[in-house]
Ligand code: PMP
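Numbering (the working numbering), first residue to last: 3 to 479.
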């Protein structure tokens with residue numbers, strides 16, 4: 003086996019042997035890596051989860067930690083019982099761990115949220131208004147995931163700027179726009195969920211701060227894949243999701259400067275967020291309680307903290323080498339195939355994370371994705387990746403296919419994908435597919451419903467529709 007340390011950090015152009023990549027093991031064990039899935043030819047193969055950018059499998063250590071704390075679980079914050087106090091301590095300790103994982107400064111606040119979408123919506127209610135009472139201005143690029151676009155559009159203060167064709171052009175566009183108005187905030191992706199590419203964070207922060215604007219980083223794709231520090235970068239806020247950070251237990255986080263969070267609109271109105279309620283008004287708590295009304299997600303927070311601990315314990319160079327090798331193998335392998343294009347927003351971006359989007363000319367992305375699942379047991383994402391403006395600008399209105407990797411991905415899985423796309427390009431699919439309710443499905447799909455899933459009583463086989471139901475297909479989202 004190739005030792006991780008022997009691999010340099012390759013770029014898409016560097017030479018490495020397919021054998022090396024195929025032998026590359028996962029960095030950390032994840033739950034489900036040995037789950038078998040059925041193929042249309044009757045065989046079963048281990049599921050190749052190359053959709054980690056959408057939701058990552060739980061780390062084994064996270065699942066173990068959850069099992070460990072469940073017997074200690076009880077009500078939090080208001081309970082007098084012994085286990086209530088233990089649970090409260092676990093929740094607050096998790097908050098501290100999550101904050102430190104992203105380099106929170108001493109006075110920063112960590113709000114436990116549901117996910118990145120929740121975090122950014124919360125922050126949108128905290129951007130100070132302009133002196134004339136109009137909504138504070140927020141500058142955002144058209145490359146963003148909808149989670150980092152729609153909250154700002156809805157708050158009424160957003161300007162959406164088209165990204166440039168290079169990093170340099172995009173940075174100068176941002177600089178020029180920030181000079182035109184008094185922006186309160188620049189909302190920018192830490193890594194694109196379409197291409198894995200990003201702008202250099204130090205330049206973004208300098209440009210924004212020089213113009214008097216704060217920076218919020220959409221860390222959904224960055225934080226699980228790279229070390230990130232608010233204190234070191236000067237970024238003002240970061241948002242990220244537990245389910246993309248190998249902790250799929252319903253918690254995410256918003257971490258950053260206290261003043262806006264203390265003064266902003268309480269995100270949820272209800273118990274726990276208040277100091278005093280009268281019939282004619284309410285005194286709200288400062289952050290984080292101000293934004294965490296209702297019973298908090300203790301197990302989710304503990305799981306997210308366990309994932310943060312596990313990732314923080316890895317050698318950053320080894321983590322980086324693993325992901326860079328897998329990404330380079332995907333880019334090199336896919337772009338060498340006839341009719342396959344790999345999508346890029348900023349070809350000059352440095353150090354993209356392990357997300358690779360591609361198209362097969364003349365072939366519907368939904369069909370290719372259905373084929374990869376049905377004939378190869380590989381899970382990818384197809385569609386427009388909740389980034390409609392970007393896909394439209396790049397000419398992918400019909401969507402594309404995205405493969406993404408993480409600490410639980412092995413080189414063999416990446417090689418399987420490249421081989422499967424090659425077989426598709428050279429020989430085409432081996433069974434018939436049709437669009438049913440907007441979703442590509444196998445005609446007369448023979449794959450059984452998984453035993454023990456609880457779905458057996460509801461559907462006889464995949465042909466009976468459970469896959470289409472589960473896919474929730476429709477217009478490529
Ligand atoms: N931003 C980016 C870059 C993402 O990839 C995603 C999820 N695909 C989100 C935001 C939204 O994350 P969540 O669904 O966990 O709120």
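Beta carbons: idealized from backbone N, C-alpha and C, even for Gly.
As assigned by DSSP and simplified to three states, the class of residue i
i, result
"residue 262", "helix"
"residue 290", "coil"
"residue 118", "helix"
"residue 442", "strand"
"residue 449", "coil"
"residue 176", "helix"
"residue 278", "strand"
"residue 343", "strand"
"residue 107", "coil"
"residue 314", "helix"
"residue 285", "strand"
"residue 361", "strand"
For residue j and residue i, the rounded distance between their alpha carbons
i, j, result
"residue 2", "residue 127", "Examination of residue 2 is not possible in this model, given that the chain is present from 3 through 479 alone."
"residue 459", "residue 179", "58 Å"
"residue 345", "residue 375", "21 Å"
"residue 269", "residue 377", "45 Å"
"residue 456", "residue 91", "35 Å"
"residue 275", "residue 322", "40 Å"
"residue 97", "residue 281", "32 Å"
"residue 264", "residue 121", "15 Å"
"residue 33", "residue 229", "23 Å"
"residue 124", "residue 293", "8 Å"
"residue 100", "residue 242", "10 Å"
"residue 158", "residue 137", "6 Å"
"residue 31", "residue 83", "36 Å"
"residue 129", "residue 142", "14 Å"
"residue 67", "residue 88", "15 Å"
"residue 167", "residue 352", "14 Å"
"residue 339", "residue 402", "16 Å"
Residue j beta carbon less than 8 Å from that of residue i
i, j, result
"residue 2", "residue 204", "Shown here, the chain extends from 3 to 479; a query on residue 2 therefore has no answer."
"residue 41", "residue 327", "no"
"residue 388", "residue 227", "no"
"residue 145", "residue 347", "yes"
"residue 54", "residue 47", "no"
"residue 161", "residue 201", "no"
"residue 195", "residue 155", "no"
"residue 362", "residue 341", "yes"
"residue 399", "residue 393", "yes"
"residue 187", "residue 110", "no"
"residue 407", "residue 416", "yes"
Is there contact here, the stretch 302-311 with the stretch 242-253, by at least three beta-carbon pairs under 8 Å?
Output reads yes: the stretch 242-253 touches the stretch 302-311.
Give a yes or no on contact between the stretch 309-318 and the stretch 289-297, applying the rule of three or more CB pairs nearer than 8 Å.
Because the criterion of three Cβ pairs below 8 Å is not met, the stretch 309-318 and the stretch 289-297 do not touch.
If you scan the stretch 122-207 from start to end, which runs of the alpha helix (DSSP H) of 4 or more residues do you find wholly inside it?
Within the stretch 122-207, the complete alpha helix (DSSP H) runs of at least 4 residues are 152-157, 169-182.
Secondary structure, beta strand (DSSP E): runs of 3+ residues fully inside the stretch 28-79
Complete beta strand (DSSP E) runs here, min 3: 38-40, 46-48.
Is the stretch 237-248 close to the stretch 206-221, with three or more CB pairs under 8 Å?
Using a C-beta cut-off of 8 Å, the stretch 237-248 makes contact with the stretch 206-221, since at least three inter-stretch Cβ pairs fall below that distance.
Tell me, please, whether the stretch 404-413 touches the stretch 353-366 by the rule of three or more beta-carbon pairs shorter than 8 Å.
Contact holds: three or more Cβ-Cβ distances are below 8 Å.
Run through the stretch 214-275 for me and flag every whole beta strand (DSSP E) of 3 or more residues, listed as ranges in chain order.
Scanning the stretch 214-275 for uninterrupted beta strand (DSSP E) segments of 3 residues or longer gives 216-220, 239-243, 254-258, listed from N- to C-terminal end.
Complete alpha helix (DSSP H) runs within the stretch 363-443 (minimum length 4 residues, chain order):
Runs found: 367-378, 390-395, 413-429.
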